[in-house]
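Following: one structure in structure tokens, then a few remarks.
There are 2 protein chains.
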Amino acid sequence: MEISMERPVFKAVGTPVEELDTPALVVDVGSVKHNIAEAHRAFVSGPSLLRPDVHSHLCPAIAAMQLDAPGTVGGVAVSTVGEAEVFSENGASDILVRNLLVTKSKIVRACGVASRCSVTVVVESAANAKLLSQISSESGIELGVLAQVKSPGGQIGAASAADALALARVVLELDGLLFKGLYADGEFPSEDVGSNTTQTLLEARATLDNSGIDVPIVSVSANEELFNSGGAEGITEVIAGAYALMDNRHTAYHSNLRHAAKILATIITHPEPEVAWLDTGQKASSIDTGLPEVDGASGVYLSRMSAEHGGLVVEGDAQNSLNVGDKVWLIPSDIGNCANVYDFIHAAENGALEAVWDVAARGRYS
Amino acid sequence: MEISMERPVFKAVGTPVEELDTPALVVDVGSVKHNIAEAHRAFVSGPSLLRPDVHSHLCPAIAAMQLDAPGTVGGVAVSTVGEAEVFSENGASDILVRNLLVTKSKIVRACGVASRCSVTVVVESAANAKLLSQISSESGIELGVLAQVKSPGGQIGAASAADALALARVVLELDGLLFKGLYADGEFPSEDVGSNTTQTLLEARATLDNSGIDVPIVSVSANEELFNSGGAEGITEVIAGAYALMDNRHTAYHSNLRHAAKILATIITHPEPEVAWLDTGQKASSIDTGLPEVDGASGVYLSRMSAEHGGLVVEGDAQNSLNVGDKVWLIPSDIGNCANVYDFIHAAENGALEAVWDVAARGRYS
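Protein sequences appear in the order of chains A and B.
The C-terminal residue of the first sequence carries number 366 in the numbering used here, and the numbering is unbroken.
The C-terminal residue of the second sequence carries number 1366 in the numbering used here, and the numbering is unbroken.
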């Protein structure tokens, strides 16, 4: 037998997914296409457009599929400057950075990205707007700016339409900044709150309109209602990302979407009839928002995880059918946290490896 | 102002750590040296030697510091074949893989590592020993083997000394395997359990001795008692790793050790006197075992984290002293999970950047 000196982590295209070394994050490409088609359809006919939030997967290959689908604004949302750097290097031409940038170093880096594509940032205070202006104007760069409006359940942003107007006026007077409109965090999954956020944004927009200020963008992160209705009148874009790969947290809100991303795990020991252990633990799944769900194996569920192992409870007939070496599929609780702990995604079609996708923005927290 | 087209994540040596882009995992080298000196001292004079478990940091630079210190077996423990691959490429010559290897693909890869350094694996069943033997002998490779003994609170391994003897005899008869001794998971942090595990191992060892079987290694993962006493008579090696960097989970057991690894975070908004938000959330810390602790800031603590943000509660005088842009230090709950979400560690001496250490084995789950 030949000994490979290479890390044989990358299998040949066509390899059955069950033969991948585990734990492995496997994405079914057909399900991704299904999810994107389903989700984008509402925005093709709805009142708003969709801005894919790529912090949900951190993967340029998936972002490209989202931007190729109809109903988008043609740009992406990210959480960090590091993610903006990665996606700008991978073809994104319009990037909204949702984290507040309050240090000189981060703003300088944002200006670096803005030198090669459109970058829009969110501000919530005049002081922050002035710092952004100082650095962008010294850099000879223009940063797009959305003024954040405080949503009914939120804590951050202009507290009233009058405050939003005052913040917009500050931005409009500053060099190096281009006022682009308003932004609010949507609330999810509460019931009526989404429409309250929408109402809050629309009131702020009306106040700016009445003062003669152009508001080309009114942006809100999705809740169930905005996502399923394709937005709302007066909202220009809805930010959403988990729909492409899906996870267990969002199952109840998106019953028409498929769990396109799963972790393949192997049973490494089955010491008692009702106990088995997987080779997959916290490091390879993230349980920050909860344990993964075992998929398609009746009577088998995770009861706990250590750093490297997953403890299974095995009930009923499963006790006679489960063996050491068998594979188990896990649905991550939160796809953003899960993708973040992988360097690459195994993309599969019809159960066979089709490609290896780089999770290029993994770990770009700063 | 010049715009950098490079990702300016890597700062110049000498940069004050407070100027690093956040979130950043920062390690104080002096504290690492202190911790290693403190922990290894017990094993220089104690009955056992120490085997550093590098899954706690996944970082070859730290492993080298541990192996350079006195009191070790001269080798490391890892959890996965992927980690063994990385550490063998970074100078480790003796590697114990603690995960059970039950698939052909993993065992072939373990043999690949064993073609360039000493690899020892753990077995708990005759069937697994036979699969290992089949692949290693076909590869012309010899794998070291430790027979796992079931610790009093554990579920995996030979259930009695007689079972351990039977398993050892299976291994001794198989080609491609070198029987090296016994292994058990220690139990931590219960009180008497450690000594029970030790007793269980010593009974198994005596049974093998009486049958004329040489037992060069008796290995156990550390609990508080074994760690602080430098092991126990008849135990040849104790496996421990968190001591080098430390974390919040281990504070109570190792009061002489310092929190060498902390996450530097920035306050990005402070919307109400008692509320502030950090730019650091689950992705950049891992809260699988709990929220980080705020270090050195009285009246400030984390109450929650989202994927990218940390919610601070601010009390008392801190309400008047904390501002947007201020830095906050966080002590991770679990250093293994935390290191795993970073590509590199900022190594600091006296508050200034000294080196950037690669977390080379991060994400090597398979």
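Glycine included, each C-beta is placed from N, C-alpha and C at the ideal position.
Through-space distance from residue j to residue i, alpha-carbon basis
i	j	result
alanine 1307(B)	glycine 1181(B)	44 angstroms
valine 356(A)	valine 17(A)	12 angstroms
glycine 1296(B)	cysteine 1338(B)	20 angstroms
glycine 154(A)	serine 1285(B)	23 angstroms
alanine 1222(B)	serine 79(A)	40 angstroms
proline 23(A)	isoleucine 287(A)	15 angstroms
glutamate 191(A)	glycine 157(A)	In this predicted model, glutamate 191(A) has a pLDDT of only 46, less than 50, meaning its place in the structure is not dependable; the value taken from the coordinates is given anyway. Approximately 22 angstroms, taken between the alpha carbons.
valine 193(A)	glycine 186(A)	Reliability of the predicted coordinates at valine 193(A) is poor, the pLDDT of 47 falling under 50, and the value obtained from them is presented with this limitation in mind. Cα to Cα, the separation comes out at about 8 angstroms.
alanine 92(A)	asparagine 340(A)	20 angstroms
valine 44(A)	leucine 1025(B)	43 angstroms
glycine 82(A)	phenylalanine 344(A)	18 angstroms
arginine 116(A)	tyrosine 342(A)	28 angstroms
threonine 1251(B)	glycine 74(A)	49 angstroms
arginine 98(A)	isoleucine 62(A)	19 angstroms
alanine 1159(B)	valine 1220(B)	16 angstroms
leucine 353(A)	isoleucine 263(A)	14 angstroms
serine 125(A)	arginine 109(A)	20 angstroms
asparagine 320(A)	glycine 299(A)	11 angstroms
valine 1122(B)	leucine 1096(B)	8 angstroms
glycine 1366(B)	lysine 11(A)	The sequence given here has serine at residue 1366(B), not glycine. Between serine 1366(B) and lysine 11(A), the C-alpha separation is close to 13 angstroms.
alanine 204(A)	leucine 146(A)	12 angstroms
arginine 1364(B)	lysine 106(A)	30 angstroms
methionine 1001(B)	threonine 1015(B)	At methionine 1001(B) the pLDDT is 40, less than 50, meaning the model places this residue with poor confidence; the figure from the coordinates comes in the next sentence. For methionine 1001(B) and threonine 1015(B), the distance between alpha carbons rounds to 20 angstroms.
threonine 1135(B)	glutamate 1142(B)	The residue you asked about is not threonine; residue 1135(B) is isoleucine in the sequence shown. Isoleucine 1135(B) and glutamate 1142(B): Cα-Cα distance of roughly 10 angstroms.
aspartate 317(A)	alanine 276(A)	14 angstroms
threonine 368(A)	threonine 289(A)	Look at the range of chain A in this structure, 1 to 366, and you will see that residue 368(A) is not part of it.
isoleucine 331(A)	alanine 261(A)	7 angstroms
asparagine 350(A)	valine 27(A)	11 angstroms
Rounded Cβ spacing between residue i and residue j (contact assumed at less than 8 angstroms)
i	j	result
leucine 1291(B)	leucine 1302(B)	5 angstroms
isoleucine 1267(B)	asparagine 1323(B)	7 angstroms
alanine 240(A)	leucine 177(A)	In fact, because the Cβ distance is near 27 angstroms, the residues do not count as touching under 8 angstroms.
alanine 348(A)	valine 29(A)	7 angstroms
tyrosine 1183(B)	valine 1149(B)	7 angstroms
valine 1218(B)	leucine 1201(B)	5 angstroms
alanine 945(B)	aspartate 1053(B)	Only positions 1001 to 1366 of chain B appear in this structure, which leaves residue 945(B) out of reach.
isoleucine 235(A)	serine 118(A)	The pair is not a contact, with the Cβ atoms about 20 angstroms apart (cut-off 8 angstroms).
Helix, strand or coil at residue i according to DSSP, with G and I counted as helix
i	result
lysine 11(A)	coil
glycine 1046(B)	coil
aspartate 1209(B)	helix
isoleucine 156(A)	coil
leucine 1174(B)	coil
threonine 1197(B)	helix
lysine 262(A)	strand
threonine 1269(B)	strand
lysine 1033(B)	helix
histidine 1040(B)	helix
valine 17(A)	helix
glutamate 2(A)	The predicted position of glutamate 2(A) is uncertain, since its pLDDT is 43 and thus under 50; no value can be drawn from it.
aspartate 163(A)	helix
leucine 1146(B)	strand
serine 1229(B)	helix
tyrosine 183(A)	strand
isoleucine 1335(B)	helix
glutamate 1224(B)	helix
tyrosine 365(A)	coil
leucine 1257(B)	coil
leucine 353(A)	strand
leucine 202(A)	helix
alanine 24(A)	strand
alanine 276(A)	strand
Near the ligand GTP: residue i beta-carbon under 8 angstroms from a heavy atom
i	result
glycine 1351(B)	Absence of the ligand GTP from the depicted structure is noted, as is the absence of any ligand whatsoever, leaving it without description.
Exercise. Is the region 1063 to 1076 of chain B in contact with the region 1250 to 1258 of chain B, if contact means three or more CB pairs nearer than 8 angstroms?
Worked result: Contact between the region 1063 to 1076 of chain B and the region 1250 to 1258 of chain B is absent, because fewer than three Cβ pairs lie under 8 angstroms.
For this session: Please determine if the region 74 to 93 of chain A and the region 269 to 287 of chain A are in contact, where contact requires at least 3 C-beta pairs separated by less than 8 angstroms.
Result: No, because fewer than three Cβ pairs between the region 74 to 93 of chain A and the region 269 to 287 of chain A fall closer than 8 angstroms, the two stretches do not touch.
Exercise. Which ranges does the beta strand (DSSP E) cover as unbroken runs of at least 3 residues, wholly within the region 46 to 84 of chain A, from first to last along the chain?
Worked result: With a minimum length of 3 residues, the unbroken runs of beta strand (DSSP E) contained wholly in the region 46 to 84 of chain A fall at 49 to 52, 76 to 78.
Exercise. What are the uninterrupted segments assigned as beta strand (DSSP E) that are 3 or more residues long and contained completely in the region 292 to 321 of chain A, given in chain order?
Worked result: Fully enclosed beta strand (DSSP E) runs of 3 or longer: 293 to 295, 300 to 305, 310 to 314.
Exercise. Do the region 323 to 334 of chain A and the region 29 to 39 of chain A meet, that is, are 3 or more Cβ pairs less than 8 angstroms apart?
Worked result: Result no; under three Cβ-Cβ pairs closer than 8 angstroms.
Problem set entry | Secondary structure, alpha helix (DSSP H): runs of 4+ residues fully inside the region 77 to 141 of chain A | Runs of the alpha helix (DSSP H) inside the region 77 to 141 of chain A: 81 to 89, 104 to 114, 126 to 139.
Exercise. Are there three or more Cβ pairs, one per stretch, closer than 8 angstroms when the region 308 to 319 of chain A is compared with the region 48 to 64 of chain A?
Worked result: By the C-beta criterion, the region 308 to 319 of chain A is judged not to be in contact with the region 48 to 64 of chain A, since fewer than 3 inter-stretch pairs fall below 8 angstroms.
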